[in-house]
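Sequence order for the protein chains is A and B. Once you know that position 244 of the first sequence is 422 in our numbering, the rest is easy, because the numbers rise by one and skip nothing. Once you know that position 237 of the second sequence is 239 in our numbering, the rest is easy, because the numbers rise by one and skip nothing.
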Amino acid sequence: MNGGMHRIATVLLALACAVPAAANEKAEPDAARSPYWEPIRQLMFGDRVINPDGRDVIRVYLNTRADDASTVPVAVKAQIAQTDNDYIKAIYLIVERNPSPTAGVFHFTPSSGRAQVETRLRFEDFSFVRAVAEMNDGKLYMAQRWVKAAGGCSAPNGKNFVPEALLGKMKLRFDDSFVTYGQPNLVQLMIRHPNESALAADFDAGKVPQFVRSVKVSFEGKPVMDAEVDFSISDNPNFRFYFSPQDKGELKIEVEDTHDRRFTHSVPIAEGSPLPGG
Amino acid sequence: MAPNAYGECLDRMKITATILAAMSVIVSQTATAAQPAAIGKFEITEVAPGNYVHYGSLQERSPQNLGDNANIGFIVGERCVLVVDAGGSLAVGLALKKAIRGVTQVPICHVVLTHVHPDHFFGAAAFLDDGPDFIAHRNYPRQLAARARPYLNYLRRDLGDLADGSEIVQPTMLVDARLEVDLGGRTVLVQAWPPAHTDDDLTVFDRSTRTFWLSDLLFVEHTPVIDATITGFLAVMEALRKVDAAHYVAGHGRSQQPWPQVLEPQRRYFTVILEETRAAIRNRKTIQQAIDEVGLAEAKHWAAFETFHRRNVTTAYTELEWE
Numbered sequence: 179m180n181g182g183m184h185r186i187a188t189v190l191l192a193l194a195c196a197v198p199a200a201a202n203e204k205a206e207p208d209a210a211r212s213p214y215w216e217p218i219r220q221l222m223f224g225d226r227v228i229n230p231d232g233r234d235v236i237r238v239y240l241n242t243r244a245d246d247a248s249t250v251p252v253a254v255k256a257q258i259a260q261t262d263n264d265y266i267k268a269i270y271l272i273v274e275r276n277p278s279p280t281a282g283v284f285h286f287t288p289s290s291g292r293a294q295v296e297t298r299l300r301f302e303d304f305s306f307v308r309a310v311a312e313m314n315d316g317k318l319y320m321a322q323r324w325v326k327a328a329g330g331c332s333a334p335n336g337k338n339f340v341p342e343a344l345l346g347k348m349k350l351r352f353d354d355s356f357v358t359y360g361q362p363n364l365v366q367l368m369i370r371h372p373n374e375s376a377l378a379a380d381f382d383a384g385k386v387p388q389f390v391r392s393v394k395v396s397f398e399g400k401p402v403m404d405a406e407v408d409f410s411i412s413d414n415p416n417f418r419f420y421f422s423p424q425d426k427g428e429l430k431i432e433v434e435d436t437h438d439r440r441f442t443h444s445v446p447i448a449e450g451s452p453l454p455g456g
Numbered sequence: 003m004a005p006n007a008y009g010e011c012l013d014r015m016k017i018t019a020t021i022l023a024a025m026s027v028i029v030s031q032t033a034t035a036a037q038p039a040a041i042g043k044f045e046i047t048e049v050a051p052g053n054y055v056h057y058g059s060l061q062e063r064s065p066q067n068l069g070d071n072a073n074i075g076f077i078v079g080e081r082c083v084l085v086v087d088a089g090g091s092l093a094v095g096l097a098l099k100k101a102i103r104g105v106t107q108v109p110i111c112h113v114v115l116t117h118v119h120p121d122h123f124f125g126a127a128a129f130l131d132d133g134p135d136f137i138a139h140r141n142y143p144r145q146l147a148a149r150a151r152p153y154l155n156y157l158r159r160d161l162g163d164l165a166d167g168s169e170i171v172q173p174t175m176l177v178d179a180r181l182e183v184d185l186g187g188r189t190v191l192v193q194a195w196p197p198a199h200t201d202d203d204l205t206v207f208d209r210s211t212r213t214f215w216l217s218d219l220l221f222v223e224h225t226p227v228i229d230a231t232i233t234g235f236l237a238v239m240e241a242l243r244k245v246d247a248a249h250y251v252a253g254h255g256r257s258q259q260p261w262p263q264v265l266e267p268q269r270r271y272f273t274v275i276l277e278e279t280r281a282a283i284r285n286r287k288t289i290q291q292a293i294d295e296v297g298l299a300e301a302k303h304w305a306a307f308e309t310f311h312r313r314n315v316t317t318a319y320t321e322l323e324w325e
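Quick look at the structure:
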């Protein structure tokens, strides 16, 4: 192809691409100047100072280009250890352009072992996803990532139909075959639930969407991770986190949804006993 | 294809064919800017006596192709015509109707809506005047109710005013298992399948020529898409293989491969995803690791791989992790 021809083709392609590009910004905007963040910040944190460059405390991991906007894997990882004197007590996970931006607030303790959570998110539009870590002394640190995915909240709820008999069924999978006392152990919690989006097209405005609103994880009655979540979390909610047992005991999960249904699940944990899914 | 396919400029830039298509279409659109949206060139192929196929573009929906992205067609009997899908916009449906009238004047009595995807159904409004039965799977209305609004929004986002007149048409006849349709001089079997590509897949089989219209239960050339269940899709494919067909029509793409060997590339693709995703789950890999790793060696075999493959892996992982 000669130079002139090539130029024409390039111009025409630019035209052909103009429609999707205009419909959704392709380039990553400046995180500090996002107009969507300011009202959310005001509402959630008021006048509190947020360190905008919190990468030494907290990081967000996900693919900038997501292929399925209704199931976008995300990992939020603390960059510091949980100690009795110095620990992350909460992580706020926010998809700033979602209709209900707070995907989850995850509470941790020193015995969580590590303040880390992985889950799957719905994205309604190209958006920053932000994680704000709140330290036990109240200081706030933020990190964010730009994600190109759209339509995940208005996508139909019915795709992964959950039969009534399976609703609230849980499964725990451990990363290791056996538990190690005194160390963070990675565990994955899977919950069978449609986690209906209130934005889904088939949804009646008059109804209360069914979604998981709270997940409490405890070990021998002591909190490991408590989370308040909403329908920015994908259907069949899935969470990966750590727990750090000192001795044998019972790992217990309590889940509550917006229709006031309560589901519980527990597994005995002891050194030397094989872990489920491990 | 799939519910909401987003264009990726970079991918398209790699395809020389796109350059030519973009050039010719922009020229033709400039010339006919004041006209209602219409397909310029619309070819049909008689794959077996009385069975006419229009092969849609393998590209994603765009103002240039007007949603002409799926294989659609019709079967002509002595008394009736049966339409198999109406294409992705009113313009495509009207072009198909014109093509039918170029072949026969017998009434259009049936329009089969093979499944709930917009590249197959948005042209149905073109046939409302004919008053046909609109035939769909038992599960179709529930899915349509859930998807209609976003599908209309995405259509308008992609086509703008060129989407005018494309509308949701409700089915008037639902199929639970099998429906025999007499077109006069030939009968056609419409068959409903368990969840596979979607949870509302229909196939059409013309008994007189043994022509099997599989719609999106078979992809050739174009990356197969899973919008329901990978294990279900593989199970349905085993049943499809046993159908005694002399001719076939895929939902996307065309091939010279004989039946049933033509099923093999899709079966291989799904088997790769199934086995590698199961291995990833067994090896405690996260969904993100699976999305980043599974099945990438298949890329060279399929069009639109970048758009659909990782979504397939996501769907497979979220299904298989509960096994």
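No residue lacks a Cβ here, since even glycine has one placed at the ideal position from N, Cα and C.
- What residue 296 (chain A) touches in chain B, judged by beta-carbon distance under 7 Å, is 288, going in chain order.
- A direct Cα-Cα distance of roughly 19 Å separates residue 202 (chain B) from residue 154 (chain B).
- About 11 Å separates the beta carbons of residue 70 (chain B) and residue 122 (chain B), which is beyond the 8 Å limit, so they are not a contact pair.
- A direct Cα-Cα distance of roughly 6 Å separates residue 178 (chain B) from residue 194 (chain B).
- One alpha carbon belongs to residue 313 (chain A), the other to residue 289 (chain B), and they sit about 29 Å apart.
- Chain-ordered listing is empty here: chain B has no CB closer than 9 Å to the CB of residue 358 (chain A), the nearest sitting near 15 Å.
- With 16 or more neighbouring CB atoms inside 10 Å of its own CB, residue 99 (chain B) falls in the buried class.
- Under a 10 Å Cβ-count criterion, residue 199 (chain B) is classified as buried, with 16 or more other Cβ atoms of the shown protein chains found around its own Cβ.
- Note: residue 394 (chain A) is bridge-paired with A:404 and A:432 in the DSSP secondary-structure output.
- Along the stretch 398-428 of chain A, the positions whose C-beta sits under 9 Å from a C-beta of chain B are 412, 413, 414, 416 and 418, read in chain order.
- One finds nothing in chain B with a Cβ atom closer than 9 Å to the Cβ of residue 372 (chain A); even the nearest lies about 12 Å away.
- The alpha-carbon of residue 270 (chain A) is positioned some 20 Å away from that of residue 364 (chain A).
- Neighbours of residue 353 (chain A) in chain B, taken as residues at a C-beta separation under 8 Å, are given in chain order as 286.
- The beta carbons of residue 242 (chain B) and residue 219 (chain B) sit about 6 Å from each other, so the pair counts as a contact at 8 Å.
- Here the alpha carbons of residue 106 (chain B) and residue 82 (chain B) stand approximately 10 Å from one another.
- Counting only the Cα atoms, residue 242 (chain A) lies some 42 Å from residue 260 (chain B).
- Judged by DSSP secondary structure, residue 307 (chain A) falls within the beta strand (DSSP E) whose first and last residues are 305-313.
- Chain order gives no chain B residues near residue 341 (chain A), where near means a beta carbon separation below 9 Å; the closest approach is about 12 Å.
- For residue 249 (chain A), the nearest beta carbon of chain B is closer than 8 Å to its own beta carbon.
- If you ignore the 5 residues before and after residue 129 (chain B), its C-beta comes within less than 7 Å of the C-beta of 85, 88, 95, 99, 110 and 113, all in its own chain and listed in chain order.
- Between the alpha carbons of residue 362 (chain A) and residue 433 (chain A) lies a distance of about 23 Å.
- Put simply, the CB of residue 382 (chain A) is far from chain B, with every gap to its CB atoms at 8 Å or more.
- Residues of chain B with a Cβ closer than 8 Å to the Cβ of residue 303 (chain A) do not exist, since the nearest Cβ in that chain sits about 12 Å away.
- Of the candidates B:309, B:325, B:318 and B:315, B:309 places its Cα closest to the Cα of residue 63 (chain B).
- Under the Cβ criterion of 8 Å, residue 313 (chain B) is counted among the residues facing chain A.
- Contact between the stretch 280-294 of chain A and the stretch 419-428 of chain A is established, with three or more Cβ pairs separated by less than 8 Å.
- Residue contact with chain A for residue 323 (chain B): present (Cβ-Cβ distance below 8 Å to some residue of chain A).
- Exposed is the label assigned to residue 344 (chain A), since fewer than 16 other Cβ atoms lie within 10 Å of its Cβ.
- Two segments are said to touch when three or more pairs of C-beta atoms, one from each, lie closer than 8 Å; by this definition the stretch 243-262 of chain B touches the stretch 207-215 of chain B.
- When DSSP states are grouped into helix, strand and coil, residue 251 (chain A) belongs to the strand group.
- Comparing alpha carbon positions, the residue from A:374, A:412 and A:366 closest to residue 429 (chain A) is A:366.
- Residues of chain B with a Cβ closer than 9 Å to the Cβ of residue 368 (chain A) are, in chain order, 323 and 324.
- Between the stretch 320-333 of chain A and the stretch 123-143 of chain B there are fewer than three C-beta pairs closer than 8 Å, too few to call the two in contact.
- Distance from the Cα of residue 436 (chain A) is smallest, within the candidate group A:371, A:342 and A:451, for A:371.
- When the beta-carbon positions are compared, residue 322 (chain B) and residue 270 (chain B) stay at least 8 Å from each other.
- Taking 8 Å as the cut-off, the beta carbon of residue 168 (chain B) is found no closer than this to the beta carbon of residue 235 (chain B).
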